[in-house]
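Trainee: Dropping the structure in here first, questions after.
In the UniProt record's numbering, the protein residues as written are 1 to 180.
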């Protein structure tokens, strides 16, 4: 049997969602919640908060902050470089000679409008909290309902993935693929 993990562009996106799924399931069902109360856990959260200052503001968040949520958020933020790298690595499949031939045959304007439409639809959950007093149930990252939590964290993980994808596209287009 041939091992085909990370041999296609879509594999990196599935890798990102797989990490979110594994993190959510582990932290929900297998992580010993009492360990979050230990000094080591607090040290870990404080160390991550030096790099990600939003973790300091989490202590004033509602529902009330617990050390478990501090460890949950801190460990998720430790995965962000992997999401970024997965996005960047997925671009190695975009800029091949065959891709350029397909773009020449098809209308590039269609690709641009398709991408903008996808971006607009994808960004709707991020703007809902800013429209009046909309409760935004889709982005409840502290939900007790695991599928809702995974949806919220999946949309959060796609941001560093997309950033890595855009950096990778820029690198591939302007540095590696000059010959095309």
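Each residue gets a CB set at the ideal place from its N, CA and C atoms; glycine is no exception.
Remember, predicted model here, so these are calculated numbers, not experimental data.
(1) I believe residue 85 touches residue 48 by the beta-carbon criterion, under 8 Å. Please report the beta-carbon distance rounded to the nearest angstrom.
(2) Give a yes or no on contact between the region 54 to 74 and the region 26 to 46, applying the rule of three or more CB pairs nearer than 8 Å.
(3) Is the number of C-beta pairs between the region 161 to 171 and the region 19 to 32 that are closer than 8 Å three or more?
(4) Give me the Cβ distance between residue 153 and residue 76, rounded to the nearest whole Å; I'm assuming they're in contact under 8 Å.
(5) Taking 6 Å as the limit between beta carbons, can you name the residues of its chain near residue 83, skipping five residues before and five after?
(6) Rounding to the nearest angstrom, what Cα-Cα distance links residue 11 and residue 21 in this structure?
(7) Sort 172, 78 and 35 by Cα distance to residue 50 and report the nearest one.
Mentor: On the basis of the data shown:
(1) Here residue 85 corresponds to residue number 85 of the chain shown, with the count starting at 1. Here residue 48 corresponds to residue number 48 of the chain shown, with the count starting at 1. Taking C-beta atoms under 8 Å as the contact rule, residue 85 and residue 48 fail to qualify, at a distance of about 18 Å.
(2) Judged by pairs of C-beta atoms under 8 Å, the region 54 to 74 touches the region 26 to 46, as three or more such pairs exist.
(3) Cβ pair count under 8 Å is below three, so no.
(4) Against the chain shown, residue 153 aligns to sequence position 153. Against the chain shown, residue 76 aligns to sequence position 76. The beta-carbon distance between residue 153 and residue 76, rounded to whole angstroms, is 7 Å. This is short enough to meet the 8 Å contact definition.
(5) Sequence index remark: in the chain shown, residue 83 carries index 83 (1-based). Apart from the 5 residues on each side of it in sequence, residue 83 sits with its Cβ closer than 6 Å to the Cβ of 16, 157, 160 and 161 in its chain, given in chain order.
(6) As a working mapping, residue 11 is identified with position 11 in the chain shown. As a working mapping, residue 21 is identified with position 21 in the chain shown. Looking at the two C-alpha atoms, the distance is approximately 15 Å.
(7) Locating residue 50 in the chain shown gives position 50, counting from the first residue. Nearest of 172, 78 and 35 to residue 50, Cα basis: 78.
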